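S.K.: Below is one structure. I have some questions about it.
Residue numbers (the numbering used here): 29 to 228.
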């Protein structure tokens, strides 16, 4: 089920990108997002808990404009996160690294002076390239795929002709159970932070 959902999202991503090849406006950018990564554990009996740690997300942004104030926004990002928790057996640190390819719809308002507020919503499929618990490989406990509901709210600031800085609150809310062979228990990973970057 996880693989089918992931492949469907990837197909939608590719279809959307192809549909906007003739975009009116293509902008490339770079961004970094320091923030908090957390994992929510549900034991299947109504008991939940979550643990968090510092995380960071960074990469390349691609905005494919198809109307005056609308764009399909994608890119490729590395995300480092996981969780840190205390148990009866001692501290447990989970370190996860994903390569993410988001597909979001970006909606801008009218420009106010040099500022252009915007919002984004969409989905972010990701592939884990590192899965460790207390520095021990955890490929048998944590799945390779993740899928998140993604949202951004922020503003662009024009600093030169066709060049803008931007800042936004960013959140990836995990949708998939990334745990393996946990019975009714579920594990979901999420990330939130302040995104800053530049668009050309």
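Heads up, the beta-carbon is just placed ideally off N, CA and C, and yes, glycines get one too. Remember, it's a predicted structure, so these values are computed and weren't measured experimentally.
Beta-carbon separation of residue 191 and residue 164 under 8 angstroms?
M.R.: No.
S.K.: Do the CB positions of residue 124 and residue 151 come within less than 8 angstroms of each other?
M.R.: Their beta carbons are not under 8 angstroms apart, which means residue 124 does not touch residue 151 by this criterion.
S.K.: DSSP three-state label for residue 141, please.
M.R.: Note: residue 141 maps to coil in three-state DSSP.
S.K.: Classify residue 184 as buried or exposed, calling it buried when 16 or more other Cβ atoms lie within 10 Å of its own Cβ.
M.R.: Result: buried.
S.K.: Check residue 159 in the structure and name its three-state DSSP category.
M.R.: Note: residue 159 maps to strand in three-state DSSP.
S.K.: Can you give, in chain order, each stretch of the beta strand (DSSP E) that sits fully within the stretch 146–203 and has at least 3 residues?
M.R.: Qualifying beta strand (DSSP E) stretches, in chain order: 173–188 and 191–202.
S.K.: Just mark residue 120 as buried or exposed, buried being the case when its beta carbon has 16 or more other beta carbons within 10 Å.
M.R.: Classification of residue 120: exposed, given that the 10 Å Cβ count is below 16.
S.K.: If you compare alpha carbons, which of 91, 156, 128 and 127 is closest to residue 135?
M.R.: Taking only the C-alpha atoms, the option nearest residue 135 is 91.
S.K.: Apart from the five residues on each side of it in sequence, which residues of its chain come closer than 6 angstroms, Cβ to Cβ, to residue 187?
M.R.: Cβ within range, chain order: 193.
S.K.: Please state the DSSP three-state secondary structure of residue 68.
M.R.: In the structure shown, residue 68 sits in a strand (DSSP, three-state: E or B).
S.K.: Report yes if the C-beta distance between residue 104 and residue 83 is below 8 angstroms; otherwise report no.
M.R.: No, they are not a contact pair.
S.K.: For residue 171 versus residue 206, is the C-beta distance shorter than 8 angstroms?
M.R.: Cβ distance < 8 angstroms, so residue 171 and residue 206 count as in contact.
S.K.: Report all residues from its chain with a CB closer than 7 angstroms to the CB of residue 196; omit the five preceding and five following residues, and keep chain order.
M.R.: Correct list, in chain order: 180, 181, 182 and 223.
S.K.: Between which two residues does the beta strand (DSSP E) carrying residue 213 extend?
M.R.: That residue, residue 213, is in no beta strand (DSSP E); it is neither H nor E in DSSP.
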